[in-house]
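Colleague:
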Amino acid sequence: MHKDQLRPLLVWTDAHRTQGAFAFVAVYILCTVLFVPGLLLSLGGGAIFGLLLGTLLVWIGACIGAILAFLLGRSLLRDYVAARVCQYPKWLAVEHAIQEEGWQIAVLLRLAPVVPFNALNYILGLTNLPLPQYAWSTAAGILPGTLMFVYFGSIASITSGEAGPSRTVAIASLVVSDQGPGESAVEQEQDTI
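Position 109 of the sequence shown, counting from 1, maps to 109 under the UniProt record's numbering, and the rest follow consecutively.
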């Protein structure tokens with residue numbers, strides 16, 4: 001999601017807090033499934049909803065989106081994901097580690113974001129990791145990062161003299177603009193899978 005598309009959504013969400021919370025979670029779910037990095041949304045969630053509610057909403061959206069992507073990677077998109085991933089020796093090591101250690105490896109992969117969040121959702125769908133273990137290991141593993149990014153968004157909102165969402169989107173745009181020459185965060189994430 002481009003910052004220019006995100007700004008009106010965050011401004012609307014800020015103006016319509018109750019409906020905005022539901023819309024925010026729905027958009028976060030959709031972005032997770034569609035490989036759109038969630039940094040801007042996480043920062044925006046902190047700016048609009050504050051640390052506690054923002055963390056809860058981002059976490060819910062990310063968890064539901066991750067589960068949907070996992071299920072897609074395990075079913076409808078399995079062949080596509082396998083063709084893109086299985087050619088790499090590191091994938092075989094991850095698959096073997098998950099067969100041996102299961103959810104512990106899934107938590108570690110979430111805590112040390114070696115593989116981008118959205119790509120990992122689909123990739124883990126190729127493993128024998130049961131859905132309940134995937135769900136709770138993802139929920140636990142993403143919580144520290146979620147809390148951190150929402151916190152940054154809430155601080156950007158508090159310290160700015162303007163309304164939270166616009167200021168936060170501007171700050172977040174600067175953070176994510178350094179993705180490499182000519183390559184967006186979405187392109188980097190899609191290249192991973």
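Built from N, CA and C at the ideal position, the CB exists for glycine as well.
This structure is a prediction, so every number in the text was calculated from the model and none was measured.
(1) For the segment 103–110 against the segment 122–140, are there 3 or more C-beta pairs whose distance is under 8 angstroms?
(2) Taking S42 as part of the alpha helix (DSSP H), name the residues at either end of that continuous run.
(3) Taking only beta-carbon atoms, is R7 less than 8 angstroms away from chain B?
(4) First and last residue of the alpha helix (DSSP H) that includes A106?
(5) Does the separation of the CB atoms of G44 and G153 fall below 8 angstroms?
(6) Assuming Y151 contacts G46 (C-beta within less than 8 angstroms), just tell me the rounded distance between them.
(7) Applying the 10 Å Cβ sphere with the 16-neighbour rule, what's the burial state of L122?
(8) Between Q99 and the rest of its own chain, which residues show a CB-CB distance below 8 angstroms, the 5 nearest in sequence each way excluded?
(9) Exposed or buried, A21, counting other C-beta atoms within 10 Å across all chains shown (16 or more means buried)?
Modeller: Reading off the structure:
(1) yes
(2) L39 to R74
(3) No chain B appears in the structure shown, which is made up of a single protein chain.
(4) W103 to L111
(5) yes
(6) With a Cβ gap of about 6 angstroms, Y151 and G46 count as contacting.
(7) One point to set straight first is that residue 122 is Tyr, not Leu, in the sequence displayed. Y122 comes out buried.
(8) T127 and N128
(9) buried
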